[in-house]
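Under UniProt numbering, the first residue of the sequence shown carries the number 1, and numbering increases by one thereafter.
Input: a single structure, listed below in structure tokens.
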Amino acid sequence: MVIFCGKSSYEAIERARRPLLGRTRIHVVEYDEFLVAKHREAFEKQRKLLMKNAFHGKKRIPFRKNYSARLFMIWNEKINFLHRAASENPFNTKLFLFADIALLRKLSAEEMASGRFKKWPNAQKLAEAPHDKMLLFRVDPFKKKWSRCRRQRCLPYFRPYYNKIIAGSMGGTQDAIQRFHTEYYAMLAYFLQTKRWAGQEQQIIDAVCLINSDMCYIVVAPRGRSQGRSSFFHSLDYFMPP
Numbered sequence: 001m002v003i004f005c006g007k008s009s010y011e012a013i014e015r016a017r018r019p020l021l022g023r024t025r026i027h028v029v030e031y032d033e034f035l036v037a038k039h040r041e042a043f044e045k046q047r048k049l050l051m052k053n054a055f056h057g058k059k060r061i062p063f064r065k066n067y068s069a070r071l072f073m074i075w076n077e078k079i080n081f082l083h084r085a086a087s088e089n090p091f092n093t094k095l096f097l098f099a100d101i102a103l104l105r106k107l108s109a110e111e112m113a114s115g116r117f118k119k120w121p122n123a124q125k126l127a128e129a130p131h132d133k134m135l136l137f138r139v140d141p142f143k144k145k146w147s148r149c150r151r152q153r154c155l156p157y158f159r160p161y162y163n164k165i166i167a168g169s170m171g172g173t174q175d176a177i178q179r180f181h182t183e184y185y186a187m188l189a190y191f192l193q194t195k196r197w198a199g200q201e202q203q204i205i206d207a208v209c210l211i212n213s214d215m216c217y218i219v220v221a222p223r224g225r226s227q228g229r230s231s232f233f234h235s236l237d238y239f240m241p242p
């Protein structure tokens, strides 16, 4: 396991992983060390525009007070965290899976204590994905009219909270992650340059998959709730060992 955290979290994480430190690498990374740190000012501008409802068109959506430039940076750094772990490859593995700590919010105490979760993720499920593609999860299908989009200029304007791809878990081989990493950060730069909403990583991933469908292996989350969780947490159940 490769963990990325801030200084304030290091001791708690190190203590929790102490029995398994031989299979753990913990990287302390501060905000100014992020790959997306160069976009911090742009993310701050996005937060201010979001407060003014600038990205919603005629539909007004309440501003979420916890949204900040730092949070946008964390979300947009996810792909780079995965890329760093795959490039470092400290345990000489072929497949890599990113898991957002937020996934654990919906685990029950029984699930946390169960032997099943201790074996999460199910390596066989990850291996089922084509090794030349990035494994991703989708809540809702893209609109049919978007399927012909192969260039940036024909991309729709994604609104905040309008997410098709779930970013709690994603993974693949080193090569698949490298390709996706390149496309993702080029797309992020384009979104910021054209003043599109770029605070959430899901919209960037949506755009990358629309234009580069050949590099994405997308698992569709079933509608409804599973184990009391919404479909946004489908990857948690998908990778749960039998």
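In this text, a Cβ means the ideal position worked out from N, Cα and C, and glycines have one as well.
Annotation: Ile218 is outside any alpha helix (DSSP H); the continuous beta strand (DSSP E) that includes it extends over 216-220. Here the stretch 122-131 does not lie against the stretch 193-213, with fewer than 3 beta-carbon pairs under 8 Å apart.
Contact check between the stretch 63-78 and the stretch 29-48: three or more CB pairs, one atom from each, fall below 8 Å, which counts as touching. Cα atoms of His39 and Arg84: separation of roughly 19 Å, rounded to the nearest angstrom. In the displayed model, Ser108 falls within coil according to three-state DSSP, outside both helix and strand. The stretch 94-109 and the stretch 167-182 touch, with three or more beta-carbon pairs separated by less than 8 Å.
In terms of Cβ geometry, Leu135 and Tyr217 form a close pair [threshold 7 Å].
Between Phe4 and Val29, the C-beta gap is smaller than 7 Å, which places the two residues in contact. Taking all protein chains in view, the Cβ of Asp140 is surrounded by fewer than 16 other Cβ atoms within 10 Å, so the residue is classified as exposed.
For Cys149, the three-state secondary structure derived from DSSP is coil. In this chain, the beta strand (DSSP E) harbouring Ser169 covers 165-172. Comparing alpha carbon positions, the residue from Glu11, Asn89, Met112 closest to Leu236 is Met112. In terms of Cβ geometry, Arg116 and Pro222 do not form a close pair [threshold 7 Å].
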